[in-house]
């Protein structure tokens with residue numbers, strides 16, 4: 474089992490938890506945000522030293538509230554590549570619609586090459602209208618009144634952009650014509666002729682993996698058919714099992730191969746480890762509640778189970794107890810968390826790629842550092 478660390482990368486908060494202040498009432502300045510950025514890099518260096526296999530950041534923009542302050546994880550990833558030796562570096566996720574697809578391909582190729590092949594291309598469709606609408610995309614967020622039409626545009630834009638990215642990374646020269654993008658643009662004069670193809674510079678020197686976030690049934694149907702890996706998080710364990718098995722079935726039917734247990738799939742779980750179960754619950758509660766105060770309005774809790782056994786209604790703000798019952802949060806002593814991870818592996822029929830989310834919104838980075846040590850030194854040896 475390969476194990477990784479995933480951080481939102483937020484600022485330290487003294488008032489994290491349920492209730493006030495409302496997220497949009499907070500406003501952090503450059504010093505707090507840059508302190509967090511430096512500590513995020515420190516956590517990547519520590520994760521490498523502690524023997525984790527991968528380190529993942531996330532891309533977000535304009536979040537003055539301080540939840541996620543890394544707009545370009547590949548730029549930070551290049552810095553990490555110079556300060557680490559073996560750890561894989563990726564994003565959960567690069568929001569494809571918020572990039573020019575060829576710029577995303579160029580930046581990833583640069584990170585992948587400078588790291589000696591340690592880059593992972595994580596892609597997603599996005600969450601936050603504030604970001605998407607200002608970068609030339611749309612997103613069908615729960616609080617977006619035009620969510621259906623926005624989602625339709627987002628999927629079309631995403632599919633074309635990813636096709637372009639792969640063509641650019643994998644071919645000496647390429648051209649593309651779609652509904653949204655055309656490359657090269659028609660009629661460009663160049664040294665007595667016209668540009669008919671483009672060549673990405675640089676291109677990857679090493680093989681690379683693509684991982685996409687899977688949160689919805691349509692995405693579940695699409696990703697395995699495309700042949701890359703799926704990342705699954707924030708789902709009731711029964712829904713996780715359904716998605717896990719359905720992914721394998723589609724992949725095997727499409728590509729006529731049998732996947733090894735857990736192959737091509739990544740399980741992400743939130744964790745908190747303390748000396749006692751009670752201490753772990755107390756330690757994680759405010760960060761858990763702050764996370765859902767932030768994420769709930771975007772509809773992320775639809776992966777939880779509702780009272781009728783179906784998906785929870787979008788907009789649910791779950792309690793920590795509900796998150797523990799859904800097995801989305803693994804909380805307790807090192808023995809308890811190790812036992813819960815082993816249970817997941819057995820329940821899913823094998824987990825090849827496990828990513829741990831040990832830092833809640835608002836946590837001090839001294840606490841994050843302690844959690845990384847506990848996971849590496851006390852939990853993982855028991856699995």
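In our numbering, the protein residues as written are 474 to 856.
Glycine residues also receive a C-beta, built at the ideal position from the N, C-alpha and C atoms.
Residue burial classification, residue i (beta-carbon count within 10 angstroms, cutoff 16)
i	result
residue 791	buried
residue 680	exposed
residue 846	exposed
residue 704	buried
residue 836	buried
residue 716	buried
residue 548	exposed
residue 819	exposed
residue 758	buried
residue 806	buried
residue 559	exposed
residue 604	buried
residue 622	exposed
residue 602	buried
residue 664	exposed
residue 561	buried
residue 816	exposed
residue 678	exposed
residue 634	buried
DSSP three-state assignment for residue i, whether helix, strand or coil
i	result
residue 556	helix
residue 825	coil
residue 650	strand
residue 537	coil
residue 550	helix
residue 659	coil
residue 716	helix
residue 485	strand
residue 527	strand
residue 570	helix
residue 856	coil
residue 755	helix
residue 612	coil
residue 695	helix
residue 750	helix
residue 761	helix
residue 810	helix
residue 532	coil
residue 769	helix
residue 586	helix
residue 576	helix
residue 880	It is not possible to answer for residue 880, since the shown part of the chain is limited to 474 through 856.
residue 733	coil
residue 790	coil
residue 672	coil
residue 862	Outside the shown range of the chain, which is 474 to 856, sits residue 862, and nothing can be said about it.
For residue i: DSSP bridge partner residues
i	result
residue 685	596 and 703
residue 830	743
residue 784	778
residue 835	485
residue 667	662
Residue interval of the alpha helix (DSSP H) (run including residue i)
i	result
residue 479	That residue, residue 479, is in no alpha helix (DSSP H); its beta strand (DSSP E) goes 475-479.
residue 519	503-522
residue 838	838-847
residue 605	602-605
residue 637	620-643
residue 491	No alpha helix (DSSP H) contains residue 491, which DSSP labels as neither H nor E.
residue 795	793-798
Min CB distance residue i to chain B below 7 Å
i	result
residue 765	Here chain B cannot be found, since the structure has a single protein chain.
Where the beta strand (DSSP E) containing residue i begins and where it ends
i	result
residue 744	738-746
residue 803	802-805
residue 561	561-564
beta-carbon residue i near the ligand MG non-hydrogen atom, thresh 6 Å
i	result
residue 780	This structure lacks the ligand MG, and indeed carries no ligand of any kind.
Exercise. For the segment 498-505 against the segment 531-541, are there 3 or more C-beta pairs whose distance is under 8 Å?
Worked result: yes
Exercise. Taking three-plus beta-carbon pairs below 8 Å as touching, is the segment 735-748 in contact with the segment 821-835?
Worked result: yes
Exercise. Can at least three beta-carbon pairs, one atom from the segment 520-536 and one from the segment 478-495, be found at a separation below 8 Å?
Worked result: yes
For this session: Kindly confirm or deny that the segment 684-698 and the segment 650-669 touch, where touching means at least three C-beta pairs closer than 8 Å.
Result: no
Problem set entry | the segment 668-685 touching the segment 712-726, judged by at least three CB pairs closer than 8 Å | no
For this session: Evaluate contact between the segment 716-735 and the segment 801-815, counting only Cβ atoms and requiring at least three cross-stretch pairs below 8 Å.
Result: no
Exercise. How do the segment 508-517 and the segment 779-798 stand: do at least 3 beta-carbon pairs fall below 8 Å, yes or no?
Worked result: no
For this session: Report yes or no: do the segment 665-675 and the segment 593-607 share at least 3 C-beta pairs separated by less than 8 Å?
Result: no
For this session: Examine the Cβ distances between the segment 598-611 and the segment 577-589 and report whether three or more of them are shorter than 8 Å.
Result: no
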